[in-house]
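Just so we're aligned, residue 21 is where the sequence shown starts under my numbering, counting upward by one.
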Amino acid sequence: DAAGIELPLSVVRPEQIFVRMLEPPAGARVPHAVLIDLAAGFYTRCEPSLGRTRASYIDYARDRAVPDPDHLDEVIDAATVRDVRGLLETRLPAYASSPDAGWQAAWYTLTPDAQPLLGALEECPGLYVATGFSGHGFKLAPSVGAGLAQLMTDRACTGFDASFFRPRRFNAQAGPAGRAFGL
Numbered sequence: 021d022a023a024g025i026e027l028p029l030s031v032v033r034p035e036q037i038f039v040r041m042l043e044p045p046a047g048a049r050v051p052h053a054v055l056i057d058l059a060a061g062f063y064t065r066c067e068p069s070l071g072r073t074r075a076s077y078i079d080y081a082r083d084r085a086v087p088d089p090d091h092l093d094e095v096i097d098a099a100t101v102r103d104v105r106g107l108l109e110t111r112l113p114a115y116a117s118s119p120d121a122g123w124q125a126a127w128y129t130l131t132p133d134a135q136p137l138l139g140a141l142e143e144c145p146g147l148y149v150a151t152g153f154s155g156h157g158f159k160l161a162p163s164v165g166a167g168l169a170q171l172m173t174d175r176a177c178t179g180f181d182a183s184f185f186r187p188r189r190f191n192a193q194a195g196p197a198g199r200a201f202g203l
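Now the structure itself:
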């Protein structure tokens, strides 16, 4: 806002639960693969180094807006714990006897289509943005960094599809590019 530039961003607060990880089958490192259940609207993945399994909703629309990103309320809603645990136990019944292993709240910066804004802002020559990653920025950093460096030096962008992630795509007649859950 200080520069007078507005971007279509919001900050939301996803909540995640943890349960003790199940014992893997003989010869396996984890008891199950990453599970994304689109029908039920949740995901789960094992974290063997921490001895736990993470589970949460996948739909950002369920996440509460963060009115002041300088102050994160780290307590998660009891209904989230109950409901996500219920989804996990329904899909993988063996978790019904697995003890709780904690929870966490985080911040995600979102765009309207849950895809990042990457590239130059035409209204401010020389300014490039990389924001709104919906929690995926760290894993995408190598290709985003390479692609932005290419754009900044007037080379063809091979790190990502620059037209798909253009910062002003929401002003375009074609509308946003992403889909539900950022997929």
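Glycine is no exception: its CB is placed at the ideal position from the N, C-alpha and C atoms.
When only Cα atoms are considered, alanine 60 and threonine 151 end up about 29 angstroms apart. The C-alpha of alanine 99 lies about 23 angstroms from the C-alpha of proline 89. When DSSP states are grouped into helix, strand and coil, serine 30 belongs to the strand group. Assignment of beta-bridge partners to valine 149 by DSSP yields Gly139. Measuring C-alpha to C-alpha distances from glutamate 35 to each of Thr178, Arg105, Ala46 and Leu29 identifies Arg105 as the nearest.
In this structure, DSSP gives glycine 157 a helical state, which the three-state scheme calls helix.
In the DSSP assignment, aspartate 133 falls outside any beta strand (DSSP E) and carries neither an H nor an E. For serine 69, the number of other beta carbons within 10 angstroms of its own is below 16, and it is reported as exposed. Distance from the CA of proline 187 to the CA of valine 31, rounded to the nearest whole angstrom, comes to 17 angstroms. A contact is defined here as three or more CB-CB pairs under 8 angstroms, and the stretch 120-128 meets this definition with respect to the stretch 35-45.
When the five nearest sequence neighbours on each side are left out, the beta carbons in the same chain lying within less than 6 angstroms of the beta carbon of tyrosine 63 are those of Ile56 and Ile78, in order along the chain. Rounded to the nearest whole angstrom, the CA to CA distance from arginine 82 to aspartate 174 is 40 angstroms.
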